[in-house]
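J.: Chains as they are written, first to last, in this note's numbering: chain S, 1 to 280; chain U, 281 to 555; chain F, 556 to 857.
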Amino acid sequence: MLELKNLRCCFGDVVAVDNASLSIAPGEMVGIIGRSGSGKSSLLRLINRLYVPQQGEIFWRGQSVTALKGKELRDWRGRSAIIFQQFNLIPRLDVLTNVLLGTLATRPLLPSLFKSFPAEQRARAVMELDRLGMVDTAFKRTQNLSGGQQQRIAIARAMLQDPEILLADEPVASLDPINSEIVMQSIAALNRERNITLLINLHSVDLARRYCSRVIGMNNGKIVFDAPVEELTDQEVDRIYGATSQPCQADLAPQKELKTARPAAVPPTIRGEPQLESIA
Amino acid sequence: MSAEAALIARAEAILPGAVIIRLERRIKTALAVAAFLIVFVACCYDLGLSWDVLGGGLVKMGTILGAMWPPTSGGELPRLLLALVQTLAIAVLGTLLAALVAIPLGLAAARNIVPNPAIHFAIRRFMDLFRGIPVLVWALILVAAVGLGPIPGILAIAFSDIPRLGKLFAEALENVDARQQDSLRATGSSTSGVFRFGVVPQLLPVWLSQCLYYLEQNFRAAAVVGVVGAGGIGFELEERIRIFAFDEVAFITLMYIIVVGIVDFGSERLRAHLT
Amino acid sequence: MKDSAASTGTSSLNRVAAIESEWRQTIRKSRLQTFAWMILVSIILLGSVELSAVGKSSVDAGWIDRIASFVDRLIPDLRADALFAGRQVDGSLASWFYDLPRWLEAMRETVAMAFVGTVVGGLMALGLSFQAAANLNRNAFLRHTVRRGFDAARTIPDVILALIFAAAFSLGAVAGVLTIIITTMGSLGKLFSECMENAEMNQVDAIEGVGGNRLLQLRFGILPQLLPQILSYWLLRMEINLSVAAALGIVGAGGIGMELERAISFTEFDTYLAILILIVFCIFVIDLVSEQLRHRLIGLTQ
Ligand SMILES: Nc1ncnc2c1ncn2[C@@H]1O[C@H](COP(=O)(O)OP(=O)(O)OP(=O)(O)O)[C@@H](O)[C@H]1O
Ligand SMILES: [Mg+2]
Chain S
1 MLELKNLRCC FGDVVAVDNA SLSIAPGEMV GIIGRSGSGK SSLLRLINRL
51 YVPQQGEIFW RGQSVTALKG KELRDWRGRS AIIFQQFNLI PRLDVLTNVL
101 LGTLATRPLL PSLFKSFPAE QRARAVMELD RLGMVDTAFK RTQNLSGGQQ
151 QRIAIARAML QDPEILLADE PVASLDPINS EIVMQSIAAL NRERNITLLI
201 NLHSVDLARR YCSRVIGMNN GKIVFDAPVE ELTDQEVDRI YGATSQPCQA
251 DLAPQKELKT ARPAAVPPTI RGEPQLESIA
Chain U
281 MSAEAALIAR AEAILPGAVI IRLERRIKTA LAVAAFLIVF VACCYDLGLS
331 WDVLGGGLVK MGTILGAMWP PTSGGELPRL LLALVQTLAI AVLGTLLAAL
381 VAIPLGLAAA RNIVPNPAIH FAIRRFMDLF RGIPVLVWAL ILVAAVGLGP
431 IPGILAIAFS DIPRLGKLFA EALENVDARQ QDSLRATGSS TSGVFRFGVV
481 PQLLPVWLSQ CLYYLEQNFR AAAVVGVVGA GGIGFELEER IRIFAFDEVA
531 FITLMYIIVV GIVDFGSERL RAHLT
Chain F
556 MKDSAASTGT SSLNRVAAIE SEWRQTIRKS RLQTFAWMIL VSIILLGSVE
606 LSAVGKSSVD AGWIDRIASF VDRLIPDLRA DALFAGRQVD GSLASWFYDL
656 PRWLEAMRET VAMAFVGTVV GGLMALGLSF QAAANLNRNA FLRHTVRRGF
706 DAARTIPDVI LALIFAAAFS LGAVAGVLTI IITTMGSLGK LFSECMENAE
756 MNQVDAIEGV GGNRLLQLRF GILPQLLPQI LSYWLLRMEI NLSVAAALGI
806 VGAGGIGMEL ERAISFTEFD TYLAILILIV FCIFVIDLVS EQLRHRLIGL
856 TQ
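1. Could you give the distance in angstroms between the alpha-carbon of glycine 645 (chain F) and the alpha-carbon of alanine 510 (chain U)?
2. Could you please give the first and the last residue of the uninterrupted alpha helix (DSSP H) stretch that includes tryptophan 651 (chain F)?
3. If you reduce the DSSP assignment to three classes, tell me which class proline 247 (chain S) lands in.
4. Is proline 712 (chain F) helix, strand or coil by DSSP?
5. For ligand 2, any of its heavy atoms closer than 7 Å to the Cβ of lysine 40 (chain S)?
6. If contact means a Cβ-Cβ distance below 8 Å, which residues of the region 740 to 772 of chain F contact chain S?
7. Just to make sure I have the definition right: I need the residues of chain F whose C-beta is within less than 8 Å of the C-beta of lysine 340 (chain U). Which are they?
8. Between serine 603 (chain F) and chain B, is any beta-carbon pair separated by less than 8 Å?
9. Taking only three categories from DSSP, how would you classify arginine 214 (chain S)?
10. So lysine 340 (chain U) is in the alpha helix (DSSP H); what residue range does that whole segment cover?
11. Just checking my contact of glycine 56 (chain S) with asparagine 6 (chain S) at CB under 8 Å: how many whole Å lie between their CB atoms?
12. Excluding the 5 residues flanking proline 308 (chain S) on each side, which residues of the same chain have their C-beta closer than 8 Å to its C-beta?
13. Please tell me whether, using a cut-off of 7 Å, the distance from the CB of alanine 16 (chain S) to the nearest non-hydrogen atom of ligand 1 is below it.
14. Which class does threonine 197 (chain S) belong to by DSSP, given the choice of helix, strand or coil?
15. Measure the CB-CB distance between alanine 502 (chain U) and threonine 309 (chain U) and report whether it falls below 8 Å.
16. For methionine 127 (chain S), would you say it is in contact with chain U, using Cβ-to-Cβ distances shorter than 8 Å as the test?
17. Would you check if there are 3 or more beta carbon pairs closer than 8 Å linking the region 729 to 741 of chain F to the region 700 to 714 of chain F?
18. Taking 8 Å as the CB-CB cut-off, is arginine 851 (chain F) touching chain S?
19. Fully enclosed by the region 643 to 689 of chain F, which alpha helix (DSSP H) runs are 4 residues long or longer?
20. Express the C-alpha separation of isoleucine 216 (chain S) and valine 224 (chain S) in angstroms, rounding to a whole number.
21. Quick one: Cα of leucine 43 (chain S) to Cα of valine 30 (chain S), how far?
22. Nearest to phenylalanine 87 (chain S) by CA position, among S:Ser112, S:Leu198, S:Ile187 and S:Arg152, is which residue?
23. May I ask which residues mark the beginning and end of the alpha helix (DSSP H) holding lysine 40 (chain S)?
24. Can you name the residues of chain F whose CB is closer than 9 Å to the CB of isoleucine 383 (chain U)?
25. Flag lysine 557 (chain F) as yes if its beta-carbon sits less than 8 Å from any beta-carbon of chain U, otherwise no.
26. Could you work out which residues of chain F lie near phenylalanine 524 (chain U), taking near to mean beta carbons separated by less than 9 Å?
27. Would you check if there are 3 or more beta carbon pairs closer than 8 Å linking the region 535 to 542 of chain U to the region 469 to 477 of chain U?
28. Can aspartate 868 (chain F) be considered in contact with ligand 2, in the sense that its beta carbon sits closer than 7 Å to one or more heavy atoms?
29. Out of curiosity, what's the CA-to-CA distance linking alanine 669 (chain F) and asparagine 796 (chain F)?
30. Going by the beta-carbon positions, is the gap between serine 174 (chain S) and glycine 133 (chain S) smaller than 8 Å?
31. Looking at the strands, I want to know which residues DSSP matches up with tryptophan 60 (chain S).
32. Should phenylalanine 547 (chain F) and serine 684 (chain F) be called a contact, given that it needs their Cβ atoms to be closer than 8 Å?
33. With a threshold of 8 Å between beta-carbons, can valine 644 (chain F) be considered close to chain U, or not?
34. By the three-class DSSP mapping on this structure, what secondary structure does isoleucine 393 (chain U) have?
35. Hey, could you find the ends of the beta strand (DSSP E) methionine 29 (chain S) is sitting in?
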């Protein structure tokens, strides 16, 4: 159970998150939508404590994580994995090491500094890569891989953390449609099979409708919509994106387009890529 | 078999070599690290660096640092200021001399000016050889040759900078954009006209800013050459270190650092303006 | 400007005249500026000549003779017939380089000074440069303290530092190594921290988000992306430090420079030349090796 109470976070004059309250049940898959700058990323980063809230509280399983410090804070970050839009991998390290970095929170410092990880963790990393169809790239440098491949490595890294909650910040925003589907399916599978609570920022209303059971809409730092996905009508979408105010037209256009041009079905196999069924 | 061992076995089967790191790979890195450490420790030993020496020295260093407080001019402020300005003067003249000699060398070493590869290759290698000689080494021999005073200092700075500036000048020449020359030639300009209007305007700011950078560096070099008898602030400092007048050493050093900061700042502004 | 159709012709003529006069003014201004600069530079140069007392220095009438006799003593008396004879034979190469084994030993000491100084100074620079980078250290006071420290370490002339260290650690290689450590720390620290300020922060974010502490964030978020740059600066510094180490010996801080100083004080100028050739050769070789290494490193980044 994740609970946010009156969370507020500002940078100078900009209020990134304004009085946000939420309650998410274990195992839920919740999508967050909103136009650019509405505070979606900030919300996720607050939960993971990459940002510090000026006000309000965050509870996980009844315990406050708002004031954690030092080892306890790192522990919490270990349990709440985060995936970034830009993957945030270490380009000059090989794929396997990148995945193993997910264990940093629970491992002693000295071996980690020398990139020395025990066989069991390496085995887990291999299994995660295998599940995502990425095992062939294990010894390659991440900088030479495609965006979709990199995002799957980031997912594997998050899985090595053995997280209780997964925060995904626009995981497919910089991917092409096919790779988006592969990554979205991998993430949804984690929620289904491992019962990991999932909070996912999406730039596309269509993806939110197809994958999430519940949708949260943000506008200007405030939570303006929070309901099961069935209640997300087109009028609500317009309201969330603030369709009445002119400057956001540019944001809105691609969303509409995506909605009409929804990919009919996921192609069963993609050349050189794993079978989607093996992910699911 | 435990669950853990089973997991390892399965993963090893999927991707051999990923889970159980082969001994030889570990040994290779370990050997490289060990070799480096051994060389390092051997060097320290060779130099007589031991904890005893360091400890004893640090205690004395503490006393010296203590003696530096409070810094004092020793009542010789005008003399020190004069020495500081003299040092700056040595740097200016040394840089000027170096630049004057480096211009023809740079021209001769530039591929697009001298078409004969043998000539510019020879000149470049020659400059490379001389680039390694530190300014203090030049100063020592020049003081022996022409006697004490600012002249060996100026010459030492010039000699050590001629090959460095020459190389930079040549590189700047080679980087001149040829399109402007072409368009000038197309309008029927003479060779000297092409050079005056197609090359010089591009080249001059670069050369000037390189000279200014070397002037900054030479202010430091001029203090260094003073120590072996070329006058200026280096001489004053050396004299006071020899008689353990560390409060005055601290004063001169602080004064010097501030003036270097000012010169650097001014020269940086000028260089930013030039480019 | 009036916009009636009749005055169009005159107004365009006026405009041409205006542009021309403006252009003239610009030219005049830039000529004036150049002139002012030339005057300023001349004043500086004249002042330099006057202040440095070049005219009054020891260059007297007999200076040509002096230089001639100096050059005469600088050039070794080699004899073609005895070039490869033993050390006892006058005019042989061996008698010119009569103390070669000792010089080589001193040269080894110089190389060791440069190596140890570069390694330790570089490590200190690496450890401190995180503190001097604005994106990695938000504490402005600490950041500026470290930066000013780097500046000071770079600015104090190395020879002066060596003399001060020699006062504490006695003359010898230890004073030289400590000097090289300090100056290397200053210059590399500045360069490293500038690199770090240009580093991509999202890798640091990733390690922080995973739950890695500060050290791990630097180890995995910063170090891998900057390693090629850092190493190539480090190698470049090694080249520079080799000539610094050679020079420091002249004020008694160990290594080959002490042999140079000895040769000068015994006025054995031909010996000085021999040692100088040895130094230049060693620096040249190490430069070549290090240049190769640096090019390989730069190749790695692309
Ligand atoms: N580290 C930061 N420093 C300063 N301002 C920030 C920072 N992070 C976010 N902001 C500001 O907070 C507001 C919300 O940003 P946030 O990144 O949360 O929006 P978002 O909904 O994720 O947008 P996008 O869809 O473009 O990623 C923005 O105005 C942004 O400029
Ligand atoms: Mg965002």
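From the three backbone atoms N, C-alpha and C, an ideal C-beta is built for every residue, glycine too.
T.: In terms of the structure at hand:
1. Working through the third sequence from its first residue, we reach residue 645 (chain F) at position 90. Working through the second sequence from its first residue, we reach residue 510 (chain U) at position 230. For the record, residue 645 (chain F) in the displayed sequence is aspartate; it is not glycine. Distance between the alpha carbons of aspartate 645 (chain F) and alanine 510 (chain U): 35 Å.
2. As a position in the third sequence, residue 651 (chain F) is number 96, starting the count at 1. From DSSP, the alpha helix (DSSP H) with tryptophan 651 (chain F) extends over 648 to 651.
3. Translated into positions along the first sequence, residue 247 (chain S) becomes position 247. Confidence is the limiting factor: at proline 247 (chain S) the pLDDT is only 45, short of 50, which leaves the residue's position unreliable, though a coordinate-based value still follows. Judged by DSSP in its simplified three-state form, proline 247 (chain S) adopts helix.
4. In the third sequence, residue 712 (chain F) corresponds to position 157, counting from 1. DSSP places proline 712 (chain F) in coil when its eight states are reduced to three.
5. In the first sequence, residue 40 (chain S) corresponds to position 40, counting from 1. Yes, Cβ of lysine 40 (chain S) sits closer than 7 Å to a heavy atom of ligand 2.
6. Here the close residues are Asn757, Gln758, Asp760, Ala761, Ile762, Glu763, Gly764, Val765, Gly766, Gly767, Asn768, Leu770 and Leu771.
7. Counting from 1 along the second sequence, the entry for residue 340 (chain U) is found at position 60. Result: Ala722, Ala723 and Phe724.
8. Checking the listed chains, one finds no chain B in this structure; the protein chains it contains are S, U and F.
9. Locating residue 214 (chain S) in the first sequence gives position 214, counting from the first residue. Here arginine 214 (chain S) sits in strand by DSSP.
10. For the purposes of this step, residue 340 (chain U) is taken as the residue at position 60 of the second sequence. That run of the alpha helix (DSSP H) goes 331 to 347.
11. To locate residue 56 (chain S), count along the first sequence from 1; it is residue 56. To locate residue 6 (chain S), count along the first sequence from 1; it is residue 6. About 4 Å separates the Cβ atoms of glycine 56 (chain S) and asparagine 6 (chain S), confirming a contact at the 8 Å cut-off.
12. Residue coverage of chain S in this structure runs from 1 to 280, which leaves residue 308 (chain S) outside it and unanswerable.
13. Within the first sequence, residue 16 (chain S) is the residue found at index 16, counting from 1. The answer is yes for alanine 16 (chain S).
14. Your numbering for residue 197 (chain S) matches position 197 in the first sequence. Looking at threonine 197 (chain S) - three-state DSSP - the assignment turns out to be strand.
15. Counted from its first residue, the second sequence places residue 502 (chain U) at position 222. Counted from its first residue, the second sequence places residue 309 (chain U) at position 29. For alanine 502 (chain U) and threonine 309 (chain U), no; Cβs fall outside 8 Å.
16. The sequence position of residue 127 (chain S) within the first sequence is 127, counting from 1. At least one chain U Cβ lies under 8 Å of methionine 127 (chain S).
17. With the rule of 3 Cβ pairs closer than 8 Å, the region 729 to 741 of chain F counts as touching the region 700 to 714 of chain F.
18. Numbered from its first residue, the third sequence carries residue 851 (chain F) at position 296. False, the Cβ-Cβ gap to chain S never drops below 8 Å.
19. Within the region 643 to 689 of chain F, the complete alpha helix (DSSP H) runs of at least 4 residues are 648 to 651 and 655 to 687.
20. Translated into the one-based positions of the first sequence, residue 224 (chain S) becomes position 224. Translated into the one-based positions of the first sequence, residue 216 (chain S) becomes position 216. C-alpha of valine 224 (chain S) to C-alpha of isoleucine 216 (chain S): approximately 8 Å in a straight line.
21. Here the question's residue 43 (chain S) lines up with position 43 in the first sequence. Here the question's residue 30 (chain S) lines up with position 30 in the first sequence. The alpha-carbon atoms of leucine 43 (chain S) and valine 30 (chain S) are separated by roughly 13 Å.
22. As a first step, residue 87 (chain S) is located in the first sequence; it is residue number 87 there, counting from the start. The candidate whose alpha carbon is nearest that of phenylalanine 87 (chain S) is S:Arg152.
23. Position 40 of the first sequence holds residue 40 (chain S). That run of the alpha helix (DSSP H) goes 40 to 47.
24. Taking the second sequence and counting its residues from 1, the one referred to as residue 383 (chain U) is at position 103. Within chain F, no C-beta atom comes less than 9 Å from the C-beta of isoleucine 383 (chain U); the nearest is roughly 16 Å away.
25. Taking the third sequence and counting its residues from 1, the one referred to as residue 557 (chain F) is at position 2. Because lysine 557 (chain F) carries a pLDDT of 44, less than 50, the predicted location of this residue cannot be relied on, and no value is offered for it.
26. As a first step, residue 524 (chain U) must be located in the second sequence, where it is residue number 244. Per Cβ cutoff of 9 Å: Ala722.
27. Under the Cβ criterion (8 Å, minimum of three pairs), the region 535 to 542 of chain U does not count as touching the region 469 to 477 of chain U.
28. Examination of residue 868 (chain F) is not possible in this model, given that chain F is present from 556 through 857 alone.
29. The residue you call residue 669 (chain F) lines up with position 114 of the third sequence. The residue you call residue 796 (chain F) lines up with position 241 of the third sequence. Alanine 669 (chain F) and asparagine 796 (chain F) have their C-alpha atoms some 5 Å from each other.
30. Sequence index remark: in the first sequence, residue 174 (chain S) carries index 174 (1-based). Sequence index remark: in the first sequence, residue 133 (chain S) carries index 133 (1-based). In terms of Cβ geometry, serine 174 (chain S) and glycine 133 (chain S) do not form a close pair [threshold 8 Å].
31. Stepping through the first sequence from its first residue, residue 60 (chain S) is reached at position 60. Note: tryptophan 60 (chain S) sits in a beta bridge opposite S:Leu2 and S:Gln63.
32. For residue 547 (chain F) there is no data in the structure shown, the boundaries of chain F being 556 and 857.
33. As a working note, residue 644 (chain F) is residue 89 in the third sequence. No, valine 644 (chain F) does not count as interfacial toward chain U.
34. The residue you call residue 393 (chain U) lines up with position 113 of the second sequence. Isoleucine 393 (chain U) sits in coil when the DSSP states are folded into three classes, being neither helix nor strand.
35. The residue given as residue 29 (chain S) occupies position 29 in the first sequence. Counting along the chain, the beta strand (DSSP E) containing methionine 29 (chain S) begins and ends at 29 to 33.
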